Amino acid sequence: MHASTTVHRYQVVRPILTGNNTYFSGMEKPTFLPQEATEAQRRAIMQRTFAAGIAQGAIVTAETEAAYNRYIAGEITLEQATNLAMSVYQKQAVHA
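Following UniProt numbering from start to finish, the sequence shown increments by one per residue and tops out at 96.
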């Protein structure tokens with residue numbers, strides 16, 4: 001008899017509620033909210049985000065765009081993409 005591969009709701013919700021969520025190892029695909037389920041939806045989210053940021057004077061670097069392109073492609077979550085993008089700015093500030 002082998003172990004069940006059924007994922008129970010508490011296995012997904014509990015880590016989120018307790019803050020014990022971890023990043024994906026790269027082997028699993030992230031799970032997206034219904035409003036960001038498709039690549040087209042994620043692309044539209046990023047287009048609005050970039051437009052709002054640029055309107056406020058933000059500079060979008062190639063590294064930042066690459067991080068968000070990974071989100072659009074469905075490789076990582078929006079939170080992970082944001083963390084990657086922010087780490088680019090933090091490295092630039094240290095070297096300045």
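All C-beta atoms in this analysis are idealised placements derived from N, C-alpha and C, irrespective of residue type, glycine included.
These numbers were taken from a predicted model, which means no experiment stands behind them.
Under a three-way DSSP split, which group does Pro30 fall into? Note: Pro30 maps to coil in three-state DSSP.
Unbroken alpha helix (DSSP H) run spanning Gly53, endpoints: It spans 39-55 - the alpha helix (DSSP H) in which Gly53 sits, taken as one unbroken run.
Between Pro30 and Ile76, how many whole angstroms is the CB-CB distance? I'm expecting something under 8 Å. For Pro30 against Ile76, the beta-carbon gap comes to about 6 Å, under 8 Å, which counts as contact.
Taking the alpha-carbon of Val88 as reference, which of Asn69, Leu78, Arg70, Glu65 has the nearest alpha-carbon? Looking at the Cα atoms, Glu65 is the closest of the given residues.
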